[in-house]
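Participant:
Residue numbers (our numbering): 22 to 338.
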C-alpha cells in the first residue's frame, strides 16, 4: 500500500460499538507508520446490516459523518453481526468448497460460521475470521500454551466460542485432544451443535468436540488444561463468573475473552489469586486487530508493540 495514497477509511461495524477500543490501537498504527487512513465506528442495527454490506448507500459513522462505501476499504465486525454477516456475504461471494485443501483463513470462516474482518477488493468483499487466528496467536505468545493433546473447556458457543473452537482444531495432528463445549443458552447450544454436525468434510471433529451440560462442568474441568470464557459474563463489571473459584485447579490455564474497561473480571481475579496463567480479551483484541491490519495492508506488518501500548493505556482510562 502506498502510504501517500488517497485517504482511506477502515472501521468497526456492530451494535452497539461506542465502548470499543479498536479505534485506539488501529489509529495508533496508522499514525506511527504513517498511513493516510482513519479507523471509525459504525453503529448498525441488525435490520440494516445487509444494506450496509451490499448497497452503495453512504454509511454514517458514530460522529455523524456521511461516508461513501467506496471510501471504506475494510472493516471489522463485532456483536451481534458476526454470524449473520457471514451468511450475507457467503451468499453473495461464496467460498470455493470444492478445494481439496482448505486454506487456514477459509477454515476459520467455515468452522466458526462467523466473520469479523472484511476487505474491499475490486467488485468483491473478502471476509475472514481473525478472532480465530488472533486467539491462537495470543494463546501461544501470551499464555505460552501448547495445544497438542490438551483438553479444553469452552463456555459459550456463539460467534466468539466458535472462533476459539476453530483455532484449536486447525492443526489436526498438533491440535487439542478434546474440546468440551457448554452454554446455558439452549438455543445457542442447539445452533452450534447443528452447525458442527453439517461440517461433514471435517469428520475428525466428531471425536474432538463434546457438548456437556452445566452439571457436568465440576467433573469435566478437572481433566482440562485450558478454560475459555466465551460468554459476555463480566463485560458489564458484574461480580459473577462462569465457574466457581473452587473449580479452578493447579495447572489450569484461563483465557477470558471478555475485557472490562474499568477493571478486571471476577474470573480473572479468581485465576490471578490462585497464581494461574491467564489472559484477558484485551490480548485477543490486540492480535485479531493486528491480523486484520495485515490483511488490509499486506504485505505490511502490524506494529504490534505500538498497538499494544495504545490499547493498554486506553483500557486504564
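For glycine and all other residues, C-beta sits at the position ideal for the given N, C-alpha and C.
Source: prediction; values computed, not measured.
1) Could you check the C-alpha separation between residue 142 and residue 319 for me, to the nearest Å?
2) Per DSSP, which one or two residues make a beta bridge with residue 29?
3) Of all the beta strand (DSSP E) runs that stay within the bounds of the stretch 266-332, which reach a length of 3 or more residues?
4) According to the Cβ coordinates, are residue 92 and residue 61 closer than 8 angstroms?
5) Helix or strand or just coil, what does DSSP make of residue 199?
6) Let me check understanding here. Comparing Cα to Cα, which of 150, 73 and 97 lies closest to residue 87?
7) With a 10 Å radius around its C-beta and 16 neighbouring C-beta atoms as the bar for buried, classify residue 28 as buried or exposed.
8) For the putative contact between residue 63 and residue 42, defined by C-beta atoms under 8 angstroms, what is the C-beta separation to the nearest angstrom?
9) CA-CA distance, residue 293 and residue 287?
10) Out of curiosity, what's the CA-to-CA distance linking residue 138 and residue 312?
11) What did DSSP end up calling residue 145 once you bin it into helix, strand or coil?
12) Buried or exposed, going by whether 16 or more other CB atoms sit within 10 Å of the CB of residue 89?
13) What is the residue span of the beta strand (DSSP E) that residue 250 lies within?
14) As an exercise, report each continuous beta strand (DSSP E) stretch of at least 3 residues that is fully enclosed by the stretch 57-119, in chain order.
15) Mark residue 193 as exposed unless 16 or more other C-beta atoms lie within 10 angstroms of its C-beta, in which case mark it buried.
16) Closest by CA to residue 155, which one among 308, 71, 52 and 189?
17) Do residue 129 and residue 184 have their C-beta atoms within less than 8 angstroms of each other?
18) Take residue 249 and list the residues in its own chain whose beta-carbon comes closer than 6 angstroms to its own, dropping the five residues that flank it on each side.
19) Quick check on residue 126: buried or exposed, where buried means 16 or more other Cβ atoms within 10 Å of its Cβ?
20) Between which residues of its own chain and residue 67 is the CB-CB distance below 8 angstroms, once the five residues before and five after are set aside?
21) Could you give the distance in angstroms between the alpha-carbon of residue 110 and the alpha-carbon of residue 165?
22) Taking the alpha-carbon positions, what's the residue 237 to residue 51 distance?
23) Where residue 329 and residue 47 are concerned, what is the direct C-alpha to C-alpha distance, given to the nearest angstrom?
24) Just the Cα atoms here: how many angstroms apart are residue 116 and residue 314?
25) Residue 171 lies in the beta strand (DSSP E); which residues open and close that run?
26) Just reading off the alpha helix (DSSP H) that residue 160 is part of, what are its end residues?
27) What residues are listed by DSSP as bridge partners for residue 35?
28) When burial is assigned at 16 or more other CB atoms within 10 Å of the CB, is residue 133 buried or exposed?
29) By DSSP's criteria, residue 42 is part of a beta bridge. Which residues make up the other side?
30) Taking all protein chains shown into account, do 16 or more other C-beta atoms lie within 10 angstroms of the C-beta of residue 124, making it buried, or fewer, making it exposed?
31) Evaluate contact between the stretch 144-155 and the stretch 220-235, counting only Cβ atoms and requiring at least three cross-stretch pairs below 8 angstroms.
32) If you draw a straight line from the C-alpha of residue 173 to the C-alpha of residue 77, how long is it?
Facilitator: If we stick to the structure as given:
1) 13 angstroms
2) 58
3) 274-277 and 299-301
4) no
5) strand
6) 73
7) exposed
8) The Cβ separation is near 16 angstroms, so there is no contact.
9) 10 angstroms
10) 9 angstroms
11) strand
12) exposed
13) 247-250
14) 58-64 and 93-98
15) exposed
16) 308
17) yes
18) 175, 185 and 276
19) buried
20) 36, 101, 102 and 105
21) 35 angstroms
22) 47 angstroms
23) 10 angstroms
24) 22 angstroms
25) From DSSP, residue 171 is part of no beta strand (DSSP E); its letter is neither H nor E.
26) 151-162
27) 64
28) buried
29) For residue 42, which the question treats as bridged, DSSP gives no partner whatsoever.
30) exposed
31) no
32) 43 angstroms
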